Each structure stands twice: as structure tokens, then as C-alpha cells.
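Mind the numbering: the sequence shown is residues 1 to 318 in UniProt numbering, read in order.
For every residue, glycine included, the Cβ atom is placed at its ideal position computed from N, Cα and C.
Quantities reported herein were computed from a predicted structural model and do not represent experimental measurements.
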Amino acid sequence: MTDLSDYNEIPSLDLADFLSDDATRRADFVQKLGNAFTNIGFVAIRNHGLTDDLTTRLYSSAQSFFSAPDEVKKKYERPDLNGQRGYIGKGKETAKGFKVADLKEFYHVGQPEPEGDMPANVLPTEYPDFSENTLATYRILENTGKTLLRAIALYLALPETYFEDKVRNGDSILRALHYFPLDPNTTPDGAVRAAAHGDINLITLLMGASADGLEVLRRDGQWIAITALPDQIIVNVGDMLDRLTNHRLKSTIHRVVNPPREKMGTSRYSIPFFMHPRADMNLASLPDCVNGENPKLYSDMTAGEFLNERLLELGLKK
Numbered sequence: 001m002t003d004l005s006d007y008n009e010i011p012s013l014d015l016a017d018f019l020s021d022d023a024t025r026r027a028d029f030v031q032k033l034g035n036a037f038t039n040i041g042f043v044a045i046r047n048h049g050l051t052d053d054l055t056t057r058l059y060s061s062a063q064s065f066f067s068a069p070d071e072v073k074k075k076y077e078r079p080d081l082n083g084q085r086g087y088i089g090k091g092k093e094t095a096k097g098f099k100v101a102d103l104k105e106f107y108h109v110g111q112p113e114p115e116g117d118m119p120a121n122v123l124p125t126e127y128p129d130f131s132e133n134t135l136a137t138y139r140i141l142e143n144t145g146k147t148l149l150r151a152i153a154l155y156l157a158l159p160e161t162y163f164e165d166k167v168r169n170g171d172s173i174l175r176a177l178h179y180f181p182l183d184p185n186t187t188p189d190g191a192v193r194a195a196a197h198g199d200i201n202l203i204t205l206l207m208g209a210s211a212d213g214l215e216v217l218r219r220d221g222q223w224i225a226i227t228a229l230p231d232q233i234i235v236n237v238g239d240m241l242d243r244l245t246n247h248r249l250k251s252t253i254h255r256v257v258n259p260p261r262e263k264m265g266t267s268r269y270s271i272p273f274f275m276h277p278r279a280d281m282n283l284a285s286l287p288d289c290v291n292g293e294n295p296k297l298y299s300d301m302t303a304g305e306f307l308n309e310r311l312l313e314l315g316l317k318k
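As C-alpha cells, then:
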């Protein structure tokens, strides 16, 4: 077993290794990715497809939208969609097991070309740059996520294309997050920007945030700070992949802590991409991940059933 003290920072990998024609480089990437997801559940990835220019434009347009008056932002609230599209205001999401809502507001963008009964996107007409940049980023990160899932499939000794049909037109979400400025004198006791939680989905792809604050819980109980370098994204295992692999790949608890008092008056922006499968994906633990030493931990359910359960727990669905 890996010494957890090895993980004072998360491993960094280059996606170009997996995409190369060199079988040794590909195999090395698969093994290192699997090791990281088995031990700490997080990894940093270079050559992920996002350009500096798009990232800069995306953050700038998100900042413009969140600076809008509340009456403008609230035009794009869609409670009937259970927080899965459009604007979700302050105090609307509470982490599982917590009583105080997170100190944030956010905007959800889903599949650019939805099929069947999947809802269409709710995009702010006053901010066309925000719409254009979020949709462009969605397409790139969805493609990067599919590539990473191919590597994960190989690590699990599954066919490389195992996840392809399961994530095609999946329920993935790009979330533009604004952790608004805080007044230390009026911030509710126990309220933080994002309380300790695991992500719901298969994997999360997170570009560097505008400020520090992200922390990851190691298995020995130590919190370690995580900051993506400018050329990296952070990728972590979500609860759905944890269930599928019977906790072989670890969905690791993480949080966004409040800044020190002297920086509480500043905003923090963060934009994760939550890679979800289609609602009908079976999350029953893979047979090869269940044995005498690792008995089955989770009940069988579909991705849609699991998502519905979590939306109720988070308070996004009533």
C-alpha cells in the first residue's frame, strides 16, 4: 500500500502520454492514473485541451454575469429543473450531512445539443460571451473526460470503449461558481464556501480557480491544500465511479475553506465540469471489484436513481 505521506501534493500526469502511439507511454499513464485514483482520488492533468485564451475569456465572462443585479440573474432560475440548468442562487445548496447552506451561487450548463427528454440549456441573453464560452468549454472538457474514461477502463481491465455509450449525451454539467465576498461579522456560524463533500458523478474536471481554498482529505485524516498550476486541470473520482468499482477507485472528500479574514471581502471563481453518464447506466459494482477481501459495499442502482437521491439530499430537489 502506498505511504500516504507521499501525497502531500497530488500526482501530475500528461494526457499526451496516453494519446501517443508509444504503447509504453500509454501503459505508464494508465497505471499512474489508476494508482492516484486508488490512493487519493485526485490527479493533475496537463495537455487537457483548454487554451489559456478560452480559460481567460470564460472566467471574465463568468465574472461579468455574477456581477449582474440579482433581478437579472434570477430571470434564469429554473426550480422546475431541480437546479440542473440555469442560475442557482445563494443559500440553495447544502452539502450532505450539513445544516448550513454553502456560501456560493452558481450557473449550470448541460448538453449543448440535448436529445430526447433532456432539458435544453437556459442561457442569459444579456451575456452572450458567457453562453458562448461555457458551451465551448463544455465540449472540450467532455471530450477530455471521455479520453480519461478510456484510460480508466483499461486500468480496470475493461474494454477501452466501456464508458463510451454510457456517457454519450450524458447528464454532464459545467458549473460556473461564484464564492461571493464574505463579511466576517455576519457570516453564519459553521458556514463555509463549500462544506466537505464527495462529488456525485463519474469524474470531475476542474480548471484552476481564481483563488486558493480547495482542500482534499487524505485517508489518514489530514487535509492537504490543492492548487492547479496554470497549465493543469484537477481531475477527481466521483461517487458514481466509486460505486461502480466498489471503492477501488476512491471518491475523496474535499472542501473549499473560507479565506483568511483579511481576504474575506474578495470573490473566488471556480468552474468544474461534472462528467455524468446517461441516467440509465447501471452502477452495480463490477464483478472483478468484488471478492472475499473486498465484499460488496453498495446497493445496485442506476445513475439516474443515484442522482435523484443526491439532489434531494442537497436540497436542490424538493
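Please say whether residue j and residue i have beta carbons closer to each other than 8 Å?
| i | j | result |
| --- | --- | --- |
| I224 | R218 | yes |
| R255 | A195 | yes |
| T144 | G49 | yes |
| I173 | L205 | no |
| N47 | L15 | yes |
| D102 | V235 | no |
| L58 | T137 | yes |
| M264 | P184 | yes |
| V30 | Y155 | yes |
| G170 | I203 | no |
| V216 | I40 | yes |
| S299 | L244 | no |
| S251 | D199 | yes |
| N246 | N294 | yes |
| F66 | E105 | yes |
| G89 | K75 | no |
Using DSSP with H/G/I as helix, E/B as strand and the rest coil, what is residue i?
| i | result |
| --- | --- |
| P79 | helix |
| V257 | coil |
| A16 | helix |
| I10 | coil |
| Y269 | strand |
| N143 | helix |
| residue 370 | There is no way to answer for residue 370, as the model of the chain reaches only from 1 to 318. |
| N35 | helix |
| Y138 | helix |
| L152 | Checking the sequence, you will find Ile at residue 152 rather than Leu. Reduced to three states, the DSSP call for I152 is helix. |
| N185 | coil |
| M240 | helix |
| S5 | With a pLDDT of 44 at S5, under the threshold of 50, the modelled position of that residue is not reliable, and no figure is offered here. |
| residue 325 | Residue 325 cannot be examined here, being either before or after the span of the chain that is shown, 1 to 318. |
| N282 | strand |
| L58 | helix |
In whole angstroms, what separates the C-alpha of residue i from that of residue j?
| i | j | result |
| --- | --- | --- |
| N201 | S131 | 23 Å |
| A68 | Y107 | 13 Å |
| T71 | I140 | Strictly speaking, residue 71 in this sequence is Glu, with Thr absent from that position. Whole-angstrom Cα-Cα distance: 31 Å. |
| A44 | D53 | 20 Å |
| A279 | N291 | 27 Å |
| R310 | Q111 | 20 Å |
| P272 | V109 | 11 Å |
| D3 | R248 | The predicted model places D3 with a pLDDT of 44, which falls under 50 and marks its position as unreliable; any figure quoted below should be read in that light. Going from the Cα of D3 to the Cα of R248 covers about 17 Å. |
| D165 | T186 | 48 Å |
| P79 | G190 | 26 Å |
| E9 | Q222 | 12 Å |
| F18 | E262 | 43 Å |
| M301 | N308 | 11 Å |
| P128 | G86 | 14 Å |
| A120 | P277 | 17 Å |
| D220 | R26 | 31 Å |
Going by C-alpha distance, which of the options is nearest residue i?
| i | options | result |
| --- | --- | --- |
| L241 | P159, G190, A303 | A303 |
| F42 | I253, T266, G86, Y298 | I253 |
| N258 | L214, F29, K74, S20 | L214 |
| L177 | N8, M281, F274 | F274 |
| H197 | L312, N308, F98, S20 | F98 |
| S12 | D22, D28, A157 | D28 |
| residue 333 | M207, L158, E313 | Because the chain here runs from 1 to 318, residue 333 falls outside it and cannot be looked at. |
| T134 | D288, H276, R25, S61 | S61 |
| E56 | P287, L312, F306, P230 | The question names Glu, but residue 56 is Thr in the sequence shown. Nearest C-alpha to T56: P230. |
Any heavy atom of the ligand MN closer than 7 Å to the beta-carbon of residue i?
| i | result |
| --- | --- |
| A196 | Of ligands this structure carries none, so the ligand MN is not represented either. |
With contact counted as at least three CB pairs below 8 Å, one residue from each stretch, are the stretch 32-43 and the stretch 121-136 in contact? No, the stretch 32-43 is not in contact with the stretch 121-136.
Hey, is the stretch 91-107 in contact with the stretch 146-154, meaning 3+ C-beta pairs nearer than 8 Å? no
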